[in-house]
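Only one structure is covered here, and it is reproduced in the block below.
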């Protein structure tokens with residue numbers, strides 16, 4: 004067994020121990036899904052940061068910026084950081100005050116149980132696709148660091164994540180986020196130091212970057228609709244993701260929810276600038292890469308000692324684990340709490356927890372199957388961000404900030420209209436800006452049906 008593989012196994016075993024230990028503190032559904040609504044500022048900050056910092060933030064962002072310059076980072080880290088800041092400033096406090104368990108509860112209270120169920124069927128697949136992308140990335144990292152085949156490594160990755168998420172729930176998720184966040188910062192900081200040294204120091208490396216590679220919005224020749232499309236997907240597509248909403252709802256106060264999300268977003272942006280820097284200087288250190296996503300692993304292998312490479316591999320695995328456990332728990336919460344529990348209103352708390360754990364297991368297996376069948380990480384992540392989110396964003400916005408504008412039929416129109424527009428534009432019409440069009444369709448559908456409801460043309464719920 005190689006030293007790298009041994010180090011990875013020890014690190015993963017630590018996550019399992021934490022997950023199993025935290026299972027003893029779970030008494031009811033709120034403990035399992037929301038950590039008893041007791042998360043403070045420090046844990047909340049690291050949990051937001053680690054949950055958001057996935058494999059694509061490390062590998063995908065560095066590769067995209069290597070290929071396209073700074074504009075390749077419109078999603079990671081800049082778009083997703085903006086998403087966190089917007090959640091903190093606009094939505095964290097009103098969401099917390101609603102005392103929800105999941106985002107779908109908001110749709111139940113503002114619209115109807117039918118809207119709640121429709122939203123769940125759009126939100127849950129997103130989380131499962133995110134989980135599948137991360138499991139596949141985990142398998143690739145372990146395979147690259149050992150003699151294991153990718154499929155075997157993916158199987159091991161799925162087993163580990165399913166077990167510790169199933170046992171510990173959100174409390175284990177948050178505690179392991181702290182460990183993973185620290186490991187992530189250490190691993191990427193080491194790589195930054197080594198890569199900067201290889202380029203002659205930070206100042207020399209920055210000075211050598213071509214000015215045209217430093218245009219965040221692609222320069223004046225880039226159509227503004229292209230820019231808007233690239234920024235809308237991470238911001239509107241993820242601001243109401245159940246993974247993030249759970250961090251808000253699990254905070255011990257509305258102020259903690261806001262400040263932890265702000266600080267987590269700041270930490271995400273700061274650490275996310277490391278892959279940005281490596282992507283910008285990478286074309287001089289490793290010119291002509293056929294697969295830009297190999298930039299970070301190749302540079303790490305080339306410049307790090309075996310011990311430091313273990314730390315780097317730990318950083319990548321931390322980025323992956325912290326996202327996949329949150330995604331599995333999000334899908335589980337939505338299906339168990341919003342679809343299964345309402346079927347048995349007399350269900351006791353122990354049975355609710357067992358139901359949520361069963362959903363973690365089932366969705367873990369589904370994500371594992373998707374990870375084996377997928378060709379790559381990037382496609383899964385892209386699909387996850389855009390899938391059904393235009394309608395969810397529109398309906399959540401109206402639910403939080405209006406009381407009488409629109410009712411259940413408006414919500415149905417926005418959810419279904421946004422989804423169908425994106426599916427048609429993305430898969431069948433091959434449109435250049437399908438997500439912007441789906442947002443416009445969702446808002447228009449909501450507004451038109453709301454007018455019809457107000458005029459009595461469409462019956463209110």
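Numbering (this note's numbering), first residue to last: 4 to 464.
Ideal placement from N, C-alpha and C gives every residue a C-beta, glycine not left out.
No experiment lies behind these values; they were computed from the predicted model shown.
Quiz item: Which runs of the alpha helix (DSSP H) fall wholly inside the stretch 190–229 and span at least 4 residues, in chain order?
Solution: 205–210
Quiz item: In three-state terms, what does DSSP make of residue 29?
Solution: coil
Quiz item: According to DSSP, which residues form a beta bridge with residue 62?
Solution: DSSP output for residue 62 lists no bridge partner at all.
Quiz item: Relative to the C-alpha of residue 96, which residue among 322, 289, 37 and 253 is closest?
Solution: 253
Practice problem: Measure the CB-CB distance between residue 321 and residue 173 and report whether it falls below 8 Å. | Solution: At the C-beta level, residue 321 and residue 173 stay beyond 8 Å of one another.
Quiz item: Does the distance from the C-beta atom of residue 279 to that of residue 128 stay below 8 Å?
Solution: no
Practice problem: Whole angstroms is fine: what's the gap from residue 112's alpha carbon to residue 165's? | Solution: 31 Å
Quiz prompt | Meets three-Cβ-pair contact criterion under 8 Å: the stretch 286–295 and the stretch 124–138 | solution = no
Quiz item: Is it a yes or a no for the stretch 35–49 touching the stretch 256–267, going by three-plus beta-carbon pairs under 8 Å?
Solution: yes
Exercise. Please name the residue, chosen from 245, 229 and 270, that lies closest to residue 434 on a Cα-to-Cα basis.
Key: 229
Quiz item: In chain order, what residues of the same chain have a beta carbon less than 6 Å from the beta carbon of residue 464, not counting five sequence neighbours either side?
Solution: Summary for residue 464: the model assigns pLDDT 49, below 50, so the residue's position carries little reliability; its value from the coordinates is reported in the next sentence. The answer, listed in chain order, is 115, 410 and 411.
Quiz item: Exposed or buried, what is residue 300 when buried is set at 16 or more other beta-carbons lying within 10 Å of its beta-carbon?
Solution: buried
Quiz item: Along the chain, where does the alpha helix (DSSP H) that runs through residue 258 open and close?
Solution: Secondary structure note for residue 258: its alpha helix (DSSP H) is the uninterrupted segment 257–288.
Quiz item: Which whole-angstrom value describes the C-beta separation of residue 274 and residue 90, a residue pair presumed to lie in contact below a C-beta threshold of 8 Å?
Solution: Rounded, the Cβ-Cβ distance is 18 Å, inconsistent with contact.
Quiz item: Of all the options 414, 313, 339 and 237, which has the alpha carbon lying nearest to the alpha carbon of residue 194?
Solution: 313
Practice problem: Count the CB pairs spanning the stretch 97–110 and the stretch 346–356 that are closer than 8 Å, and state whether there are at least three. | Solution: no
Practice problem: For residue 310, count neighbouring Cβ atoms within 10 angstroms of its own Cβ and tell me buried if that reaches 16, exposed if not. | Solution: exposed
Quiz item: Based on the DSSP output, what are the partners of residue 365 in its beta bridges?
Solution: Bridge partners of residue 365: none, in fact.
Quiz prompt | Alpha-carbon spacing of residue 192 relative to residue 199, whole angstroms | solution = 10 Å
Quiz item: Taking C-alpha atoms, which residue in 369, 397 and 249 lies nearest to residue 54?
Solution: 249
Exercise. Specify, as a first and last residue, the run of the alpha helix (DSSP H) that residue 394 falls within.
Key: 392–404
Practice problem: Return yes when at least one heavy atom of the ligand FMN lies under 7 Å from the C-beta of residue 188, else no. | Solution: The ligand FMN is not among the ligands present in this structure, which contains no ligands whatsoever.
Quiz item: For the alpha helix (DSSP H) that residue 297 lies in, which residues bound it at each end?
Solution: Where residue 297 is concerned, there is no enclosing alpha helix (DSSP H), given that its DSSP letter is neither H nor E.
Quiz prompt | Cβ-based burial, residue 6 [other Cβ within 10 Å; buried from 16] | solution = Under this definition residue 6 is an exposed residue.
Quiz item: Taking buried to mean at least 16 other C-beta atoms within 10 Å of its own C-beta, is residue 154 buried or exposed?
Solution: Flag for residue 154 reads exposed.
Quiz prompt | residue 126 at chain D interface by Cβ criterion, 8 Å | solution = In the structure shown, chain D cannot be found, because there is only a single protein chain.
Quiz item: Under the three-state reduction of DSSP, which class applies to residue 254: helix, strand or coil?
Solution: Reduced to three states, the DSSP call for residue 254 is strand.
Self-check item: Sufficient close CB pairs (3 or more, under 8 Å) joining the stretch 387–396 to the stretch 408–427
Solution: yes
Self-check item: Neighbourhood of residue 326 by C-beta, 7 Å cutoff - its chain only, sequence neighbours within 5 removed
Solution: 54, 57, 133 and 137
Quiz prompt | Span separating the alpha-carbon of residue 16 from that of residue 324 | solution = 12 Å
Quiz item: Thinking just about the alpha-carbon of each residue, which of 342, 437 and 287 is nearest to the one in residue 122?
Solution: 342
Exercise. Could you tell me if residue 405 is buried or exposed, where buried requires 16 or more neighbouring beta carbons within 10 angstroms of its beta carbon?
Key: exposed
Quiz item: Which same chain residues, not among the five before or five after residue 201, have their C-beta less than 7 Å away from its C-beta?
Solution: Cβ within range, chain order: 288 and 306.
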